[in-house]
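Right, one structure below, let's go through it.
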Amino acid sequence: MERLSMNRSIAALAMAGALLASPALAAEGALVLYTSQPQTDAQATIDAFKAEHPEVEISFVRDGTPKIMAKLRAELAAGAPQADLLLIADAVTMEGLKRDDVLMAHEGADVSAYPEGLHDPAKFWFATKLITTGIVYNDAAPFVPASWEDLLKPEAKGLVAMPSPLSSGAALIHTVSLVSNLPEGWGYYEGLAANGALAEGGNGGVLKAVAGGEKLYGMIVDFMPIREKAKGAPVTFVFPEEGVSAVTEPVAILKTTKNPEAAKAFVDFLLSKKGQEMASAQGYLPADPSVAPPEGYPARDTIRILPFDPAAALAAEQDNRARFEAIFQK
Amino acid sequence: VIASLPARRGGGLGESRLWLGVLFAIVLILAVLPVARLLGQAAGGGALSLLLQPASLAAAWNSIESGVLSAALALLLGGGMAVLLGLSDLPQRRPIGILFVLSMLMAPQVTALAFTVMAGPASPLLNALGLAPAAGTPNPLIGKGGVILVLGLHHAPLVTILLLAGLKTIPHELVEAASLAGAGKAAILRWIVLPLMGPQLVAASLLAFVAAFGNFGIPALLGMPAGYLTLPTLIFRQLVGSGTGAIDQAAILSMAMAVLVLVPAAGAAAVLARSATRRGGDRPLQRFLGLGRWRMPALALAWTVVGIVLLLPLGALVASAIAPTYGARLTPSSATLAHFAEVLWRQDVTVRAFRNSFAFAGGAALVLALLALPLAHALDRASSRWRNLLLPLIELPYALPGIVLAIACILLFVKPLPLVGLTIYATPWIILFAYAARFLPVVLKAPMAAIAQLERAQEEAAAVDGAGLLARLRHVVLPAVWPAVAAGGLLAFLLAFNELTVSALLWTAGTETLGVVLFSLEEAGLVSEASAVALSATAVVALLVVAVDRLGDRLPEGTLPWRF
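Chains as they are written, first to last, in the working numbering: chain A, 1134 to 1463; chain B, 2 to 565.
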C-alpha cells in the first residue's frame, strides 16, 4: 500500500512537472528539434515527418547555428538540454559536439544511397542536403557578377552584404573556404571591408537587403534567392567561376534524448528517398545524388565546390571568428 | 464608537497586520528580490574592466546619444501636438488625438518593422508613388539616424499625454489677465504657459529619454543590421552569442544601465510630484489659441503627423504582408493572403506564440488584477511612511529597462530554488514571474486612484457591523472600483502582449512569445511573414483598446492615456 501511494504521488508529481514544463515536452513521444532552417522549412520538415509518424509529437526551435549552439551549450551547462535532435548548418559544429561527447550514434541508419565521406563514418551525424554559398545580385544591379573578385570592383562599393560567421554556421565554413582557396587569403576579406561590404546577421538579413534593393550584391546560401526568385523577388543567384563553398546541413541525435527511437525515426526519415524528395521540393539540393535537384539549379556535376579541411577549421574556429570580427569592426 | 473608528490615515491596521505582511512579502518577492540578486552579482563580479571594454563604452555612448536626441525629437513633436490638441481650436481634435496616442500602443518592434518596409528602395508604398529611392540606396532608416528618428516618433505621444495633463493645472485666469493687459497669443504662450509648464517639460523629456534608453525592439531591428549597438542590443547579442557564459558581463552592463536610467526616472518622478501639488484656479485652461486662417494648414500638419506615426507604417505593413514575397512587385493580381494563412494556421511556432502571448499576458494580468485590489487598499490605508517606501520599490521593475529585469530573473532562477528544489528557468513560469514583476505598477495605478477617491463612510459602517476586511473588500470596495481594477489588468495585458525585451532572453523551446517570433522571422529574412504576424498582433491590441475604452467613463481621470 505504502509503495502504491508513493508511486501515485510520484505520478502526480510527474504530472505536475509535465504541466509546469513547456508544452512541447508535455506529450509522450515528444521530440524537440533545434534547427537553423528558416521557420517555414522547419515547419514543412516536421509536418512531413508527422505525416509518416503521427504518434510522435515534434516541435522545433529556430535560430542561426551559432546562436542555437549557444542556447544548447547553456542548457548543457545547466544540465537540462531541451533538444533531442539537431539539424544545423555544418558538419564542423557537429564534429565539435561529437568530440565533446554530446551526440548519440545511430548505428542502424541506412546510408547505402550516399557517396562515401558525406556522412560521419562513425554515424554520429548525417548530411541531409547540399547548401552552397555563392553570390546573389539584385536585378537592378549595374553588372552581373561572375567571380568572387567582382565584389571588390569599385561599382560594388558599399553595395555588398554578407552573413557574419558570428550569426551563421554556413558563413563560417564559407569564410574558411574562401580564405584558403582565393589567392589573397584573408586579404580578400580585407578588400571587401575596404570596399564597404556589410557583414551583420545571417543569410536572412542578406536576402532582405538584396531583395529590398538596399544592397545590390551579396554572399548567400543558394536556396534563399533561388526560391524567392520563383516567387517574384528581383534577385538572381550566381555560382561564381572559382567555385562555391558548401555545407551539408547535418542531423544528429543528442545522447541525452529521452526518446531515442522517435529521434532515430526522424533521422531515418530525412535520409529516406521521401525525405530527400521533400528537401528538393523545398528548393534545396538533396544530399542523395539520385534525387533530382529542384528547378533553378544547374546540373549537379557542374557545380564546383571549393576544397575545405574540416579538421583544420574546427581547430581554428575561434581564431577565424576573431579574425573576421577584427576585419569588419568599425 | 465613533472614537474607535479607524482614522483617515495611519491607523486601522490592527486586524489586518498579517494580511499586510503577506501583501508586502509579495511586493518584496516580485519587485526587490530580482534587483537585489542582480546587485549582488554585479558587486561580486566586480570586474570593472568588463564595463570599460571599447564595445561596452561605444554601446553606452550610442544609448545615451540615441536617448537624448530621440527625446529632443519627441519633445518637439509631442509638444507641438500638445499645443494643437490642448490649446488651439483645431478641428477634428478627437480622432487626431486618439490616433496619435494609439501609435504609441503599437509594439516597438512592430513600429520598427513597419518603418523599415516603408522606407527602403523596395517600399511598396514609395514605389506606388514613384518616390522610392533608387536600387542600391541604403535604407535610410537602418542605422543611427533611423533608430533616433523612430524612437522619437514612437515616444512623442508620451510627451503629449504628460503635457496635456500639465496644461489642465494652469488657471485660465492668468491667460485672461494677460489678455486684458494686451498681451498677444504668442506672448501668452511664451511668457505665461511655457514657464508654468517647466516641470512637465522636464519630466516629459526625462521620461522620453528613459523609454528610449531601455527600448530593445527599435534598435534591434533598425540598429543591429548596421552594427549600431545600444546597451540592450549589446547585452542581447552577447548572451545569445555566448550563452550564460557572458552573464557576468551582462550583469555589470545591466547595473550600469540601471544607474543611468534610475537617475532621470527618479528626477522625473520628483519633478512631477512637486508640480502635482500646485493648485489651479477655478477654471482650467481654455483653448485660447484661435488658429484663424492657419486652421487648415494646422489641420493638414496634424494629419500629416498622424499619417507618419501611424497610418503610413500600418499601410506599409499591409502592403508587405500581402506581397508575394519581400521585394516582389505588389499588384492587384499578385496580392495574397498566403502569409496570414502561414502564420495564423500552418506554422506551429507562430500559432504557439499567439497562444503563449495570450497565456502569459493574460495570466500575469489576472494574477495582478486579483492582487491589485487588496494591495491598493492596503497601500491606501498604510501610513505615509510605508507608502513612500513601498511605492518606489513597486515601480522599480517597471522603471528599469526590460533587459535588466530579464538578466536579474536569469540570475535569480538559473539554479534550482532553494528549499523547494524546483527550477523555473527554461519554463513558462519564469516569463510569468517577470511579467508579474514588471507590470505590477501598471495594474496598481488605476485602483489606487479609485480607492483614494472612495468615501470611507460605507466601509467604516460595514466595519462597525462586524464585516471583516475581506468581506469589506468584496462587498464595499470592489463594486465601486471594479472598472479601475479591470482597466489596470487590461492595460497590463496590452503591454505584456506587445512585449519583446524580457521574453527575448527568457524564452525557450515552446515558450516563444509573439515579439520573439516576429524578431526571429525578420532575422530569417521572412519579412512578409513577419509583417503578417505584426498586423495580426496589432489587430489584437486595437480590439483591446476598444474594450478598455468601453470602461472609460467609469474610470478615474488619467487612467486611459488616449482620453484627454
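Built from N, CA and C at the ideal position, the CB exists for glycine as well.
Test: residue i CB closer than 7 Å to a CB of chain A
| i | result |
| --- | --- |
| residue 348 (chain B) | yes |
| residue 121 (chain B) | yes |
| residue 326 (chain B) | yes |
| residue 524 (chain B) | yes |
| residue 137 (chain B) | yes |
| residue 226 (chain B) | yes |
| residue 129 (chain B) | no |
| residue 405 (chain B) | no |
| residue 140 (chain B) | yes |
| residue 61 (chain B) | no |
| residue 153 (chain B) | no |
CB contact check: residue i to chain D, cutoff 7 Å
| i | result |
| --- | --- |
| residue 1309 (chain A) | Included in the structure are the protein chains A and B, with no chain D among them. |
Residue-chain proximity (residue i, chain B), Cβ-Cβ < 7 Å
| i | result |
| --- | --- |
| residue 1439 (chain A) | no |
| residue 1285 (chain A) | no |
| residue 1155 (chain A) | Caution applies to residue 1155 (chain A), whose pLDDT of 38 falls short of 50 and renders its modelled position unreliable; the model cannot decide the point. |
| residue 1171 (chain A) | yes |
| residue 1387 (chain A) | no |
| residue 1415 (chain A) | no |
| residue 1328 (chain A) | no |
| residue 1354 (chain A) | no |
| residue 1212 (chain A) | no |
| residue 1230 (chain A) | no |
| residue 1136 (chain A) | Any reading at residue 1136 (chain A) needs caution, since the residue's pLDDT is 43, under 50, leaving its predicted position unreliable; the model's value is listed next. No, residue 1136 (chain A) does not count as interfacial toward chain B. |
| residue 1450 (chain A) | no |
| residue 1364 (chain A) | yes |
| residue 1392 (chain A) | no |
| residue 1176 (chain A) | yes |
| residue 1324 (chain A) | no |
Inter-residue CB distance, residue i and residue j (contact presumed, cutoff 8 Å)
| i | j | result |
| --- | --- | --- |
| residue 1215 (chain A) | residue 510 (chain B) | 5 Å |
| residue 60 (chain B) | residue 235 (chain B) | 4 Å |
| residue 1222 (chain A) | residue 1302 (chain A) | 3 Å |
| residue 1336 (chain A) | residue 1296 (chain A) | 5 Å |
| residue 72 (chain B) | residue 210 (chain B) | 4 Å |
| residue 33 (chain B) | residue 255 (chain B) | Their Cβ separation, rounded to whole angstroms, is 16 Å, which puts residue 33 (chain B) and residue 255 (chain B) out of contact at 8 Å. |
| residue 212 (chain B) | residue 156 (chain B) | 5 Å |
| residue 200 (chain B) | residue 275 (chain B) | 7 Å |
| residue 1363 (chain A) | residue 1164 (chain A) | Contact doesn't hold; Cβ gap of about 31 Å is too wide. |
| residue 486 (chain B) | residue 373 (chain B) | 6 Å |
| residue 20 (chain B) | residue 390 (chain B) | With 8 Å as the limit, residue 20 (chain B) and residue 390 (chain B) do not qualify as a contact, their Cβ atoms being about 18 Å apart. |
| residue 158 (chain B) | residue 105 (chain B) | 4 Å |
Burial state of residue i (16 or more Cβ within 10 Å)
| i | result |
| --- | --- |
| residue 1276 (chain A) | exposed |
| residue 553 (chain B) | exposed |
| residue 297 (chain B) | exposed |
| residue 1287 (chain A) | exposed |
| residue 435 (chain B) | buried |
| residue 332 (chain B) | exposed |
| residue 1281 (chain A) | buried |
| residue 1359 (chain A) | buried |
| residue 1391 (chain A) | exposed |
| residue 1217 (chain A) | buried |
| residue 1154 (chain A) | In this prediction, residue 1154 (chain A) scores a pLDDT of 41, lower than 50, which makes its location untrustworthy; no coordinate-derived value is stated. |
Within the chosen definition, does the region 1285–1304 of chain A reach the region 1321–1331 of chain A through at least 3 CB pairs nearer than 8 Å?
yes
Ignoring anything shorter than 4 residues, give me the alpha helix (DSSP H) runs that lie fully in the region 1385–1410 of chain A, in order along the chain.
1393–1404
How about the region 533–550 of chain B and the region 1172–1189 of chain A: do they share at least three Cβ pairs that are nearer than 8 Å?
no
Does the region 1426–1441 of chain A come within contact of the region 1248–1261 of chain A, defined as at least 3 CB pairs closer than 8 Å?
no
Taking only runs of the alpha helix (DSSP H) that begin and end inside the region 427–510 of chain B, which ones reach a length of at least 4 residues, in chain order?
429–454, 458–465, 470–473, 479–498, 502–507
Contact between the region 244–259 of chain B and the region 136–156 of chain B is defined here as three or more beta-carbon pairs at a separation below 8 Å; is this criterion met?
no
Contact between the region 396–405 of chain B and the region 497–511 of chain B: three or more CB pairs below 8 Å?
yes
For the region 354–366 of chain B against the region 511–520 of chain B, are there 3 or more C-beta pairs whose distance is under 8 Å?
yes
What residue ranges within the region 182–226 of chain B form continuous alpha helix (DSSP H) runs of no fewer than 4 residues, ordered along the chain?
186–189, 199–215
Stretch pair the region 215–226 of chain B + the region 95–110 of chain B: three plus CB contacts closer than 8 Å
yes
At 3 residues or longer, what runs of the beta strand (DSSP E) sit wholly inside the region 1164–1232 of chain A?
1190–1195, 1218–1220
Could you pull out every unbroken alpha helix (DSSP H) segment of at least 4 residues lying fully inside the region 274–315 of chain B, listed in chain order?
296–307
Any 3 or more C-beta pairs closer than 8 Å across the region 166–184 of chain B and the region 122–133 of chain B
no
Contact between the region 183–192 of chain B and the region 285–303 of chain B: three or more CB pairs below 8 Å?
yes
Specify whether the region 1167–1187 of chain A and the region 1307–1322 of chain A touch according to this definition: at least 3 beta carbon pairs, one from each stretch, less than 8 Å apart.
no
Determine contact between the region 1366–1382 of chain A and the region 1339–1346 of chain A, defined as no fewer than three beta-carbon pairs at a distance below 8 Å.
yes
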